[in-house]
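Colleague: The sequence shown begins at 792 in the numbering used here and counts up one residue at a time.
Where a beta carbon is used, it is the ideal one built from N, C-alpha and C, also for glycine.
The structure is given below, and queries will be raised subsequently.
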Amino acid sequence: MKDDGLLDLSDHDSFSMGVPHLTFERLRNEDPVYWTKEKNGRGFWSITKHSDILKVNRDNKTFSSAQGIRIEDQTEEEYLARKTFQETDPPEHRVTRMMVAPAFSQKAIATYEEMIRDLAKNIIEKATKSSEFDIVEKVAKQLPMMMLGRILGLPDNDLEWLVVKGDALIGNSDPEFTDHIVDKLDDEQYRFMPFRSPAALDLYDYAENILNKKISINKTGILSKVLDANSSEKVMEPHEFKNFFCLLIAAGNDTTRYSIAMALYQLSLDNNLIRDLRSNQYWGTCADEFIRLASPTMYFRRTATCDVSLRNKNIKKGDKVILWFVSGNRDHEVFKNPHDVILSRSPNPHVSFGQGGVHFCLGIWLARMEVRILLEELAKKIDKIDLLDNPTWTRSNFICGVKSLKVRIA
Ligand code: HEM
């Protein structure tokens, strides 16, 4: 659907040709706390300015994660069946966060640098055996799941299957990723499943097999640590573990893929960027710039716990409040030339990772490192990326990304 500056943000089709940046720009300029009607829901507030996003995200007492984090309305029963620590508030949230955070720390992730580099080299070597290919499929998609597999401690042979399931889960509104398109074929059957998706059933089974030791996981991986009964820290209950597993498969896969895909798309639009990257001046800043532009998880939701006023709008207790990170990341009051790639941009206070909130992304160090190293290895091998066709985009108002990008490389 072409962006005329007035698209309906509750409609996945509004995002099927990419993010409707004109619509977001209008909202930031004209009505930054905007009541958005929903065809199949009770409506929500769209928060589109960077400063408001930070303000709301910092105030988890007034704006809670504990009634769902996506736009979809959920009953209490559905919420309880599907919740992970991402759908909780402090102090409950802190218990699990503290348990898993050390494994995702900058220090822990730094130990994977060589592994990421070897994988990136192999991926690029393999892809560049041809000169024309879909660079999202052959490059961007490959690294995130391989790395997630290693960090979680999963068998390599299962990763491809997990990518398909992860895509179906998070791409639950895109007919290319699922037969069960959430806003078209929805029924009661899957309402207790993460993302209301049948793919979650398969992932639950897989997680169950891990619990029953039918699938053996690496002892050094994160999953083994959270399941370790001898651990002195809190151990996850089976149901909590299954939802946590789905969260990681969803969170660690597509987000990083679409960040890499955005970088590759930008390089294809301006081949000078490859030359600039090769100058080795921008490795400390470029990953964040591409992640800002990609903003793969476009929003997360909060729910007001009391009546509150924001920019003279009366938000009522129980109202859904959507933090459009994707819009905050293009706010010209914060970012000079917000639609341009500025490899040296620093500071770069983007909010792609949910900065400012207690749920601030755990995968930040991993995602940044994957994007940087992949580009480092790519810039060594490829001089030029030419587009052979227009990119295709995910049909989703939650996860945004270049789904395919047919290119010729030299
Ligand atoms: C560029 C890539 C990524 C982006 C843009 C991204 C984005 C986000 C955002 C916006 C949040 C905050 C959610 C909220 O405020 O409710 C978040 C949380 C989270 N992310 Fe990421 N993510 C990325 C990569 C990853 C990776 C690679 C992993 C795991 C391997 C991961 C795991 C998580 C987890 C577990 C949470 C929940 C944290 C909590 O609730 O305390 N993410 N992510």
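For L1134, which of helix, strand or coil comes out of DSSP?
Modeller: Of the three classes helix, strand and coil, the one that applies to L1134 here is coil, per DSSP.
Colleague: Measure the C-alpha to C-alpha separation of K1104 and Q858 and round it to an integer number of angstroms.
Modeller: Each residue's alpha carbon lies about 21 angstroms from the other.
Colleague: If the criterion is Cβ atoms closer than 8 angstroms, does the pair G796 and L939 meet it?
Modeller: Taking 8 angstroms as the Cβ cut-off, G796 and L939 do not qualify as a contacting pair.
Colleague: Mapping DSSP to helix, strand and coil, what is W1074?
Modeller: Reduced to three states, the DSSP call for W1074 is coil.
Colleague: Out of N913, R885 and I1040, which one is the CA nearest neighbour of N851?
Modeller: Checked all of N913, R885 and I1040; the closest Cα to N851 is R885.
Colleague: Checking the sheet assignment: what are the DSSP bridge partners for L1114?
Modeller: Partner(s): I838 and F1091.
Colleague: Quick one: grab the DSSP three-state call for I961.
Modeller: I961 falls in the helix class under three-state DSSP.
Colleague: What did DSSP end up calling L798 once you bin it into helix, strand or coil?
Modeller: Coil, per DSSP.
Colleague: Have a look at V1112 and R819 and give me their C-alpha separation to the nearest angstrom.
Modeller: Cα to Cα, the separation comes out at about 15 angstroms.
Colleague: Measuring only from the beta carbon, is H884 closer than 7 angstroms to any heavy atom that is part of the ligand HEM?
Modeller: Yes, the ligand HEM has a heavy atom inside 7 angstroms of this Cβ.
Colleague: Nearest-angstrom Cα distance between L1196 and V927?
Modeller: C-alpha separation (whole angstroms): 6 angstroms.
Colleague: Whether or not the segment 891-901 and the segment 1137-1147 are in contact is what I'm after, with contact meaning three or more pairs of Cβ atoms, one per stretch, closer than 8 angstroms; do they touch?
Modeller: No contact exists between the segment 1137-1147 and the segment 891-901.
Colleague: Excluding five sequence neighbours on each side, which residues of the same chain lie with their C-beta closer than 7 angstroms to the C-beta of S842?
Modeller: There are no such residues.
Colleague: So what's I1106 in DSSP terms, helix, strand or just coil?
Modeller: Looking at I1106 - three-state DSSP - the assignment turns out to be strand.
Colleague: Report back the beta-carbon spacing between I1200 and T853 to the nearest angstrom; my notes put them in contact at under 8 angstroms.
Modeller: With a Cβ gap of about 50 angstroms, I1200 and T853 do not count as contacting.
Colleague: Of all the options D958, G957, P946 and L1039, which has the alpha carbon lying nearest to the alpha carbon of K1004?
Modeller: Closest option to K1004, Cα to Cα, is P946.
Colleague: Considering only the alpha carbon of each residue, which of L943, L1166, L1039 and T1046 lies closest to N1071?
Modeller: Comparing Cα positions, the closest option is L1166.
Colleague: Determine, using beta carbons only, whether P1087 and S1050 come nearer to each other than 8 angstroms.
Modeller: The answer is yes: Cβ separation under 8 angstroms.
Colleague: Opposite V1198 in the DSSP bridges: which residues?
Modeller: Looking at the DSSP assignment, V1198 forms a beta bridge with F924 and L1178.
Colleague: Quick check on this structure: which residue in K793, F1036, L950 and L1169 has the alpha carbon closest to the alpha carbon of E916?
Modeller: Cα-wise, what sits closest to E916 is L1169.
Colleague: Check each candidate in L950, K830, A872 and N1063 and name the one with the smallest Cα separation from I1213.
Modeller: Residue 1213 lies beyond the residue range present for the chain, which begins at 792 and ends at 1201; the question has no answer from this structure.
Colleague: Under the criterion of a Cβ to heavy atom distance below 7 angstroms, does D858 qualify as lining the ligand HEM?
Modeller: It should be pointed out that residue 858 corresponds to Gln in this sequence rather than to Asp. Result no, Cβ not under 7 angstroms from the ligand HEM.
Colleague: Going by DSSP in three states, Y825 sits in which element: helix, strand or coil?
Modeller: DSSP places Y825 in strand when its eight states are reduced to three.
Colleague: Among the residues of its own chain, which have a CB less than 7 angstroms from the CB of K929, if the five just before and after it don't count?
Modeller: Contacts found: A918.
Colleague: Quick one, which of D802, R849, L813 and K840 has its alpha-carbon nearest T827's?
Modeller: Of the listed residues, the one whose Cα sits closest to T827 is D802.
Colleague: Between the C-alpha atoms of L1101 and R1093, what's the straight-line distance to the nearest angstrom?
Modeller: Cα to Cα, the separation comes out at about 14 angstroms.
Colleague: For the ligand HEM, any of its heavy atoms closer than 7 angstroms to the Cβ of F1152?
Modeller: A quick correction: the sequence has Cys, not Phe, at residue 1152. Yes; taking the cut-off as 7 angstroms, the Cβ of C1152 has a heavy atom of the ligand HEM nearer than that.
Colleague: Span of the alpha helix (DSSP H) holding V1162?
Modeller: From DSSP, the alpha helix (DSSP H) with V1162 extends over I1155 to K1172.
Colleague: At what residue ranges does the segment 891-953 contain a whole run of the beta strand (DSSP E), taking only runs of 3 or more?
Modeller: Listed in chain order, the complete beta strand (DSSP E) runs (minimum 3 residues) inside the segment 891-953 are 923-925.
Colleague: Classify G1192 as buried or exposed, calling it buried when 16 or more other Cβ atoms lie within 10 Å of its own Cβ.
Modeller: Buried, by the Cβ-count rule.
Colleague: Quick one: does A1052 have its CB under 8 angstroms from some CB of chain B?
Modeller: Here chain B cannot be found, since the structure has a single protein chain.
Colleague: Could you check whether the Cβ of R777 sits closer than 7 angstroms to any heavy atom belonging to the ligand HEM?
Modeller: Here the chain covers residues 792 to 1201 and nothing more, so residue 777 does not appear.
Colleague: In whole angstroms, give me the CA-to-CA distance for L813 and G1119.
Modeller: Looking at the two C-alpha atoms, the distance is approximately 13 angstroms.
Colleague: With distances taken Cα to Cα, identify the nearest neighbour of M906 among L1157, T875, A1054 and V1117.
Modeller: That would be L1157, whose Cα lies nearest to the Cα of M906.
Colleague: In the DSSP assignment, find the beta strand (DSSP E) that holds V1099 and state where it starts and stops.
Modeller: Where V1099 is concerned, the enclosing beta strand (DSSP E) stretches over V1099 to L1101.
Colleague: Between K830 and F806, what straight-line distance do the alpha-carbon atoms span, to the nearest angstrom?
Modeller: When rounded, the distance between both Cα atoms is 16 angstroms.
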